[in-house]
Amino acid sequence: MIYRLVLATFVGILLAAHAAFGQGAGAPSGQSTLRQADLRVGAVAYRIALAGRPLCSQPHPLTGLLFHHLGEYEPADRVTMIQRHGLDRGPGILTVLADTPAARAGLVAGDVLLAVNGKAFPSPVTIAAMANSDSRRKAMEASEFQLEDQLHAGPARLRLLRNGREIEARLDSVQGCLGRVRLARSGQTNAFANGRYVVMTTSMLDFLRGDDELAVVLGHEMSHNILHHPTLLDEKGVPKSGIGRAFGKNAKRVWRTEEEADRFGIRLMAAAGYNVQAAIPFWRRYLGKYDAFPQIFRTHPSLSARERITREAIAALHGPAPRPMP
Amino acid sequence: MVFKGIIAATASVALMVTPAVAAAQSSAQAATTEVAPAGETVTDGSQLRGGFIIPLIALIAIILGLLAATHDNDDDLPHSP
């Protein structure tokens, strides 16, 4: 009898938890129009990264470019993307943000990067053929890092493909915080920072009400990368995912990075002119729907903890100017 | 007679033009149809919110503990024949 009761309780909790915290990878991602959504996410991230420059000790070259790659598309769509955008030749320019170095250099959406300072980009066809999705993603990112590496040294000479013709351009950059971001087509209502990129999902974007809330999320995740949290957690032996991340000292370490990212994120969004008062209503709505457990055995601050942290961070904005983070 | 000729000419022009216009529209539509990147499941890195597994395990442990504490084990009691 007791075992039946335990089993029934366990199944009941699982079902309730699934209902409350669902949104698996296969869930519908809403009605986001990906290209416009990419532009929106990129524009907010750029604004935060640029305005946050005085807060970040390590400058990062910002161009205002968003890329897309052959390997991002389903195999069935790749021929179309080659015919339409020439993505077999190099990284494609998905978006050029207005009033940025890329716009001033005359780059336009649809251009394809062939070479930077005389060095060709790795073959997108070879990258797209990689079976392992993590390896494929890192190889695509490496193409973008190749451009950034050259920009660290100054303006770069680009060879581009535009409307079937090869042309040359000179691209400069402006210094800002590390602000790489990409929009993943995913039903996970979450956002991620892996040390290299902030990954916003389409489902998360659909959940947000306006650019102030988007700035809350991007500011928080960009803070993780700016403050090197993924690297610091790696060095302490905290697993990247899984249950081992949430026990003992590991959970406390993750918790501290979350608190730090909450506080630094508020400073970033304030520097960029976004309304920091949007943060608490966002956390109430978001955690109220997806993470309503109280503050026990947690890797992330609970709603009440996040409200307290956010209030303190907003109050601290009127204090003395903080020093750049190491 | 002239009227019939005008009608016939108009009809033939319409018949010639319609497929061409339809084809142009169809190709323009195809050209502007966006191809979305492949869907994905993001796994690594810091997340905006924590998972529910650990709180869930803690909750289950508490419930099991309560059940064990309140459970009266009848097997240990003497039975009357």
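Sequences listed follow chains S and E, in order. For the first sequence, position 231 (counting from the first letter as 1) is numbered 231 according to our numbering, and the numbering increases by one without interruption. For the second sequence, position 51 (counting from the first letter as 1) is numbered 1051 according to our numbering, and the numbering increases by one without interruption. Glycine included, C-beta positions come from ideal geometry on N, C-alpha and C.
is_contact[residue i, chain S] using C-beta, thresh 9 Å
{"i": "Gly1045 of chain E", "result": "yes"}
{"i": "Ala1038 of chain E", "result": "yes"}
{"i": "Gly1065 of chain E", "result": "no"}
{"i": "Gln1029 of chain E", "result": "Residue placement at Gln1029 of chain E is poorly supported in this model, since its pLDDT is 45, which falls under 50; the coordinates still yield a value, given next. False, the Cβ-Cβ gap to chain S never drops below 9 Å."}
{"i": "Ala1069 of chain E", "result": "no"}
Alpha helix (DSSP H) segment containing residue i, residue limits
{"i": "Pro54 of chain S", "result": "Pro54 of chain S -> no alpha helix (DSSP H), and no H or E assigned at all."}
{"i": "Glu221 of chain S", "result": "210-226"}
{"i": "Phe247 of chain S", "result": "No alpha helix (DSSP H) holds Phe247 of chain S; DSSP gives it neither H nor E."}
{"i": "Ile314 of chain S", "result": "303-316"}
{"i": "Glu235 of chain S", "result": "229-235"}
{"i": "Ala279 of chain S", "result": "279-290"}
{"i": "Asp293 of chain S", "result": "Per the sequence shown, the amino acid found at residue 293 of chain S is Phe instead of Asp. Phe293 of chain S -> no alpha helix (DSSP H), and no H or E assigned at all."}
{"i": "Thr202 of chain S", "result": "202-207"}
Chain E within 9 Å of residue i, Cβ atoms only
{"i": "His224 of chain S", "result": "yes"}
{"i": "His228 of chain S", "result": "no"}
{"i": "Arg209 of chain S", "result": "no"}
{"i": "Leu205 of chain S", "result": "no"}
{"i": "Thr299 of chain S", "result": "yes"}
{"i": "Thr257 of chain S", "result": "yes"}
{"i": "Thr63 of chain S", "result": "no"}
{"i": "Tyr274 of chain S", "result": "no"}
{"i": "Gly195 of chain S", "result": "yes"}
{"i": "Lys252 of chain S", "result": "no"}
{"i": "Phe121 of chain S", "result": "no"}
{"i": "Asn117 of chain S", "result": "no"}
{"i": "Asp291 of chain S", "result": "yes"}
{"i": "Leu287 of chain S", "result": "yes"}
{"i": "Asp212 of chain S", "result": "no"}
{"i": "Tyr73 of chain S", "result": "yes"}
{"i": "Ala109 of chain S", "result": "no"}
{"i": "Gly319 of chain S", "result": "no"}
{"i": "Ala313 of chain S", "result": "no"}
{"i": "Gly106 of chain S", "result": "no"}
{"i": "Ser304 of chain S", "result": "no"}
{"i": "Met81 of chain S", "result": "yes"}
{"i": "Val199 of chain S", "result": "yes"}
{"i": "Val217 of chain S", "result": "yes"}
{"i": "Arg327 of chain S", "result": "Given that chain S is displayed from residue 1 to residue 326, the structure contains no residue 327 of chain S and the question cannot be resolved."}
{"i": "Ser135 of chain S", "result": "no"}
{"i": "Ser143 of chain S", "result": "no"}
{"i": "Gly187 of chain S", "result": "yes"}
{"i": "Phe264 of chain S", "result": "no"}
{"i": "His359 of chain S", "result": "Chain S is shown only over 1 to 326; residue 359 of chain S falls outside these bounds and no answer can be derived."}
{"i": "Glu307 of chain S", "result": "no"}
{"i": "Glu235 of chain S", "result": "no"}
Supposed close pair residue i, residue j - CB separation, criterion 8 Å
{"i": "Gly219 of chain S", "j": "Gly265 of chain S", "result": "3 Å"}
{"i": "Met222 of chain S", "j": "Ala76 of chain S", "result": "About 34 Å separates the two Cβ atoms, so there is no contact after all."}
{"i": "Val174 of chain S", "j": "Met200 of chain S", "result": "Their Cβ separation, rounded to whole angstroms, is 22 Å, which puts Val174 of chain S and Met200 of chain S out of contact at 8 Å."}
{"i": "Leu205 of chain S", "j": "Leu183 of chain S", "result": "7 Å"}
{"i": "Gly90 of chain S", "j": "Leu113 of chain S", "result": "5 Å"}
{"i": "Leu94 of chain S", "j": "Ala109 of chain S", "result": "6 Å"}
{"i": "Ala246 of chain S", "j": "Thr202 of chain S", "result": "Incorrect: roughly 27 Å between the Cβ atoms, too far for contact."}
{"i": "Val181 of chain S", "j": "Gly42 of chain S", "result": "6 Å"}
{"i": "Arg263 of chain S", "j": "Ala315 of chain S", "result": "Actually they are not in contact, since the Cβ atoms of Arg263 of chain S and Ala315 of chain S sit about 11 Å apart, beyond 8 Å."}
{"i": "Gly71 of chain S", "j": "Pro124 of chain S", "result": "7 Å"}
{"i": "Ala270 of chain S", "j": "Arg47 of chain S", "result": "Between Arg47 of chain S and Ala270 of chain S the Cβ distance is about 12 Å, and since that is not below 8 Å, they are no contact."}
{"i": "Arg185 of chain S", "j": "Glu1040 of chain E", "result": "7 Å"}
{"i": "Gly176 of chain S", "j": "Ala261 of chain S", "result": "Gly176 of chain S to Ala261 of chain S, Cβ: 18 Å. No contact."}
{"i": "Arg284 of chain S", "j": "Leu317 of chain S", "result": "Not a contact, Cβ separation roughly 20 Å."}
{"i": "Tyr274 of chain S", "j": "Asp211 of chain S", "result": "7 Å"}
Boundaries (first-last residue) of the beta strand (DSSP E) holding residue i
{"i": "Ala193 of chain S", "result": "191-193"}
{"i": "His60 of chain S", "result": "60-62"}
{"i": "Leu171 of chain S", "result": "165-171"}
{"i": "Leu160 of chain S", "result": "156-162"}
{"i": "Ala184 of chain S", "result": "181-184"}
{"i": "Val174 of chain S", "result": "174-176"}
{"i": "Leu1048 of chain E", "result": "Premise fails: Leu1048 of chain E is in no beta strand (DSSP E) and is neither H nor E."}
{"i": "His1144 of chain E", "result": "Chain E is shown only over 1001 to 1081; residue 1144 of chain E falls outside these bounds and no answer can be derived."}
{"i": "His69 of chain S", "result": "Per DSSP, His69 of chain S belongs to no beta strand (DSSP E) and is neither H nor E."}
Residue i beta carbon near the ligand MG (any heavy atom closer than 8 Å)
{"i": "Gly265 of chain S", "result": "For the structure depicted, the ligand MG is absent and the ligand set is empty, with no information on it obtainable."}
>> I'd like the ranges of any beta strand (DSSP E) spanning at least 3 consecutive residues and lying wholly in the segment 72-147 of chain S.
In response: Here the runs fully enclosed are 92-96, 112-116.
>> Can you confirm whether the segment 56-63 of chain S touches the segment 183-197 of chain S when touching is taken to mean that 3 or more C-beta pairs between the two stretches lie within less than 8 Å?
In response: With a cut-off of 8 Å, the segment 56-63 of chain S and the segment 183-197 of chain S do not count as touching, because too few Cβ pairs lie within range.
> Okay, do the segment 218-237 of chain S and the segment 48-58 of chain S touch, 3+ Cβ pairs below 8 Å being the bar?
Replying inline: They touch, by the three-pair rule.
>> Pairs of beta-carbons, one from the segment 229-241 of chain S and one from the segment 273-292 of chain S, closer than 8 Å: are there three or more?
In response: Between the segment 229-241 of chain S and the segment 273-292 of chain S, the count of Cβ pairs shorter than 8 Å is below three; the stretches do not touch.
> Between the segment 250-266 of chain S and the segment 80-89 of chain S, are three or more C-beta pairs nearer than 8 Å?
Replying inline: As far as the Cβ criterion goes, the segment 250-266 of chain S does not touch the segment 80-89 of chain S, which means the pair count is below three.
>> Quick check: the segment 125-133 of chain S against the segment 155-165 of chain S, are at least 3 beta-carbon pairs closer than 8 Å?
In response: With the cut-off at 8 Å, the segment 155-165 of chain S and the segment 125-133 of chain S do not touch.
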